[in-house]
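*Asks:* Handing you this structure, nothing more for now.
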Amino acid sequence: MAGPNSPEILATQILGNVFIACIVLSNVPYFYKIEKTRDVGQFNIYPFVFMIGQAMMWVVYSMICDIEGIVPVNTFGMLFDLAFILIFISACKDLAVKRKVMVSLMIELIVLVSFVAIVVFQAPKDMHQKILGWATSILLVAFFFSPVLNFYPMFKQRTTGSLSLPLSITSILAGVAFGLYGVFLKDNFISISNFSGCVSGIIQIGFYYLMKLVIRISPPKKDSKNIYNDNIDKDNKFCYHHPSQELLLFCEDCKEKACYNCVVGKNNHRGHNLDLLKINDNSEIENNTEEKEKEKKEKKKEIEEKKEIEEKKEIEKKQSQQNNNKDFELDVDSNV
Numbered sequence: 079m080a081g082p083n084s085p086e087i088l089a090t091q092i093l094g095n096v097f098i099a100c101i102v103l104s105n106v107p108y109f110y111k112i113e114k115t116r117d118v119g120q121f122n123i124y125p126f127v128f129m130i131g132q133a134m135m136w137v138v139y140s141m142i143c144d145i146e147g148i149v150p151v152n153t154f155g156m157l158f159d160l161a162f163i164l165i166f167i168s169a170c171k172d173l174a175v176k177r178k179v180m181v182s183l184m185i186e187l188i189v190l191v192s193f194v195a196i197v198v199f200q201a202p203k204d205m206h207q208k209i210l211g212w213a214t215s216i217l218l219v220a221f222f223f224s225p226v227l228n229f230y231p232m233f234k235q236r237t238t239g240s241l242s243l244p245l246s247i248t249s250i251l252a253g254v255a256f257g258l259y260g261v262f263l264k265d266n267f268i269s270i271s272n273f274s275g276c277v278s279g280i281i282q283i284g285f286y287y288l289m290k291l292v293i294r295i296s297p298p299k300k301d302s303k304n305i306y307n308d309n310i311d312k313d314n315k316f317c318y319h320h321p322s323q324e325l326l327l328f329c330e331d332c333k334e335k336a337c338y339n340c341v342v343g344k345n346n347h348r349g350h351n352l353d354l355l356k357i358n359d360n361s362e363i364e365n366n367t368e369e370k371e372k373e374k375k376e377k378k379k380e381i382e383e384k385k386e387i388e389e390k391k392e393i394e395k396k397q398s399q400q401n402n403n404k405d406f407e408l409d410v411d412s413n414v
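Just so we're aligned: the sequence shown equals residues 79 to 414 in the working numbering.
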């Protein structure tokens, strides 16, 4: 085992922290959009809830086993994930979804804290590292291989979905750095779990290029069941999948319109880079909302004016009828 200040340990520790920090920060643009638009759409926040738990477990493991190299990056990730969840909760308009997210986060934290407390106070000290090491490794491996669960739906829909080459490459580099860090420390839990991230990244890259080949050979059919096909007719301004959202984005590659909810939470649009999307300025979006509000107010005024006119007409009719009745009575009296 090399010393904690040896150059190879310091190098792998620094590189691993930098790569993981880049992966965490890559989510900032999506949550910035959520904060600005105040609409979460179909964004899935539960992976971030899971990441808080596994980051917390690695912090506990590193503190108990006196491994300082993995504390900063996991603390950093835990704080950012918590901030992302708070942004999601503040922007979400559905109270039921808010409650589910908060309850799931509370249950996760209670379960993990209870598990750590039982291990620390009940298990023998020589078993602490093994028990916590197995738990943290299982959580990290499950996190790395979770994208594999989406392979079949993506293959069926002929799309690369949310796969991103830069993120996959960065996860491979982070896995190599922290895997070697674990090898130099002779900690199998750190090395094996992080090397699994390399394997997962390689599998995702392989599947990405496989899907590119499959899409060329047999492109996706354009039907209403495929969520990655045309969102709506060209003349329509609103998204088919998110009716309240306007089609403010346009992908230059596939020549299709999209709304913000179609892009938030993904690293691409139908496998195309987000750089190919033309995004309107926020001022235009605000102007659109202001125009809509003005139109609504004008419509309300028109309806109220129509009601007033109808009421006046009814009153005039009643008065004319009353006058006619009076005239008729006078004529009858005069004849008598």
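Backbone N, C-alpha and C fix where the C-beta goes; we use that ideal spot for every residue, glycine too.
In the DSSP assignment, find the alpha helix (DSSP H) that holds Pro85 and state where it starts and stops.
*Replies:* Against the sequence shown, residue 85 aligns to sequence position 7. Where Pro85 is concerned, the enclosing alpha helix (DSSP H) stretches over Pro85 to Leu103.
*Asks:* Which ranges does the alpha helix (DSSP H) cover as unbroken runs of at least 4 residues, wholly within the region 206-265, from first to last along the chain?
*Replies:* Counting whole runs of 4 or more residues, the region 206-265 contains the alpha helix (DSSP H) stretches 229-235 and 243-263.
*Asks:* Return helix, strand or coil for Ser361, following the three-state DSSP convention.
*Replies:* For the purposes of this step, residue 361 is taken as the residue at position 283 of the sequence shown. Residue placement at Ser361 is poorly supported in this model, since its pLDDT is 44, which falls under 50; the coordinates are not used for a value here.
*Asks:* How many Å lie between Val96 and Leu103 at the Cα?
*Replies:* Taking the sequence shown and counting its residues from 1, the one referred to as residue 96 is at position 18. Taking the sequence shown and counting its residues from 1, the one referred to as residue 103 is at position 25. Whole-angstrom Cα-Cα distance: 10 Å.
*Asks:* Tell me, to the nearest whole angstrom, how far the beta carbon of Leu258 is from that of Thr153; I am working on the premise that it is less than 8 Å.
*Replies:* Walking along the sequence shown from the start, residue 258 turns up at place 180. Walking along the sequence shown from the start, residue 153 turns up at place 75. Contact flag wrong, Cβ pair sits at about 22 Å.
*Asks:* Gln228: buried (16+ other C-beta within 10 angstroms of its C-beta) or exposed?
*Replies:* Against the sequence shown, residue 228 aligns to sequence position 150. As written in the sequence, residue 228 is Asn, which differs from the Gln given in the question. Asn228 is exposed by the Cβ-count criterion.
*Asks:* Please report the Cβ distance between Leu88 and Val138, rounded to the nearest whole angstrom; I am assuming they are in contact, meaning their Cβ atoms lie under 8 Å.
*Replies:* Counting from one through the sequence shown, the residue named residue 88 turns up at place 10. Counting from one through the sequence shown, the residue named residue 138 turns up at place 60. In fact, because the Cβ distance is near 23 Å, the residues do not count as touching under 8 Å.
*Asks:* Would you check if the region 206-224 and the region 126-142 touch, i.e. whether three or more CB-CB distances between them fall below 8 Å?
*Replies:* At 8 Å Cβ cutoff, the stretches touch.
*Asks:* What separation, rounded to the nearest whole angstrom, lies between the Cα atoms of Gln400 and Ile387?
*Replies:* In the sequence shown, residue 400 corresponds to position 322, counting from 1. In the sequence shown, residue 387 corresponds to position 309, counting from 1. Cα to Cα, the separation comes out at about 20 Å.
*Asks:* Looking at Ala169 and Glu86, is the spacing between their C-beta atoms short of 8 Å?
*Replies:* Sequence index remark: in the sequence shown, residue 86 carries index 8 (1-based). Sequence index remark: in the sequence shown, residue 169 carries index 91 (1-based). It is not a contact, given that the beta carbons lie outside the stated cut-off.
*Asks:* Would you check if the distance between the CB atom of Ile92 and the CB atom of Val151 is smaller than 8 Å?
*Replies:* Indexing the sequence shown from 1 puts residue 92 at position 14. Indexing the sequence shown from 1 puts residue 151 at position 73. It is not a contact, given that the beta carbons lie outside the stated cut-off.
*Asks:* When the Cα atoms are used, what is the spatial distance from Ile196 to Leu190?
*Replies:* Counting from 1 along the sequence shown, the entry for residue 196 is found at position 118. Counting from 1 along the sequence shown, the entry for residue 190 is found at position 112. Rounded to the nearest angstrom, the two C-alpha atoms are 10 Å apart.
*Asks:* Apply the 10 Å Cβ neighbour rule to Asn122 and answer buried if 16 or more other Cβ atoms are within range, or exposed otherwise.
*Replies:* Here residue 122 refers to the residue found at position 44 of the sequence shown. When all chains shown are included, Asn122 counts as exposed.
*Asks:* Can at least three beta-carbon pairs, one atom from the region 197-209 and one from the region 241-260, be found at a separation below 8 Å?
*Replies:* Contact fails: fewer than three Cβ-Cβ distances are below 8 Å.
*Asks:* Whether or not the region 268-277 and the region 289-298 are in contact is what I'm after, with contact meaning three or more pairs of Cβ atoms, one per stretch, closer than 8 Å; do they touch?
*Replies:* Flag = no, the region 289-298 and the region 268-277 do not touch.
*Asks:* Which two residues bound the contiguous alpha helix (DSSP H) that contains Asn200?
*Replies:* Here residue 200 is taken as the residue at index 122 of the sequence shown, counted from 1. This sequence places Gln at residue 200; Asn is not what is there. Its alpha helix (DSSP H) spans residues Leu173 to Gln200.
*Asks:* Under DSSP, the alpha helix (DSSP H) around Phe166 begins and ends at which residues?
*Replies:* What you label residue 166 is simply residue 88 of the sequence shown in a count that begins at 1. Note, Phe166: alpha helix (DSSP H), Val149 to Ala169.
*Asks:* Roughly how many whole angstroms lie between the Cα atoms of Thr248 and Asn266?
*Replies:* In the sequence shown, residue 248 corresponds to position 170, counting from 1. In the sequence shown, residue 266 corresponds to position 188, counting from 1. Whole-angstrom Cα-Cα distance: 22 Å.
*Asks:* Does the Cβ-Cβ distance between Asp159 and Phe126 come in under 8 Å?
*Replies:* Here residue 159 corresponds to residue number 81 of the sequence shown, with the count starting at 1. Here residue 126 corresponds to residue number 48 of the sequence shown, with the count starting at 1. Yes.
*Asks:* According to DSSP, is Ser296 helix, strand or coil?
*Replies:* Taking the sequence shown and counting its residues from 1, the one referred to as residue 296 is at position 218. The answer is coil: DSSP assigns Ser296 none of H, G, I, E or B.
*Asks:* Between which two residues does the alpha helix (DSSP H) harbouring Phe128 extend?
*Replies:* Reading the sequence shown from its first residue, position 50 is the one you call residue 128. Residues Tyr124 to Ile142.
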